[in-house]
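Position 20 of the sequence shown, counted from 1, bears residue number 19 in numbering that gives the first Met the number 0, the numbering being contiguous throughout.
All residues carry an ideal CB built from backbone N, CA and C; glycine is no exception.
Everything numeric in this text was worked out from a predicted model, so none of it was measured.
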Amino acid sequence: MANIISLGDKIKDAKQKKADLFKRRKLRALETFFFGERQLCERCHIEITPPHHKSHSLRVPYLFCDICAEEYVSYIDRMQGKENHELYWQNDIWMDVWKRWIDYRGAVDYYVQSKEFIQLRDELNFPESG
């Protein structure tokens, strides 16, 4: 009789394991948006050693390393018609890459503000982004 396993306990254990797995999955989803946000360049993902310097300006709304910040400013300048011919690699394809990246970041920002994502963040007691 000592080898009898309670079916109720087995079901309870299985439910707990499933709940734990789901919680870990939700945490990973949040970490995708929050992990390294203060340490990595949002575009190229290289590590930025605090305090981030040049990239923290009113012209650059993202957390960038110095190189990506300069490229972003060049992109904005070029959008405003200020083209620097010395920067020959900043061609139409380069402009399209930046436009697509900015569109992607806008989509991510929009998603992070959705009621479902906010509910997920609140359930897991994660701080607000930004």
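When DSSP states are grouped into helix, strand and coil, Glu46 belongs to the strand group. Residue pairing for Leu39: DSSP places it in a beta bridge opposite Glu46.
For Tyr74, same chain residues with a beta-carbon under 6 Å away, outside a window of 5 residues either side, are Trp97 in chain order. In this chain, the alpha helix (DSSP H) harbouring Gly105 covers 91–111. Inter-residue distance for Val107 and Leu62 is about 15 Å (C-alpha atoms, whole angstroms).
By the 16-neighbour rule on beta-carbons within 10 angstroms, Tyr71 is buried. Here the alpha carbon of Leu119 sits roughly 25 Å from the alpha carbon of Ile101.
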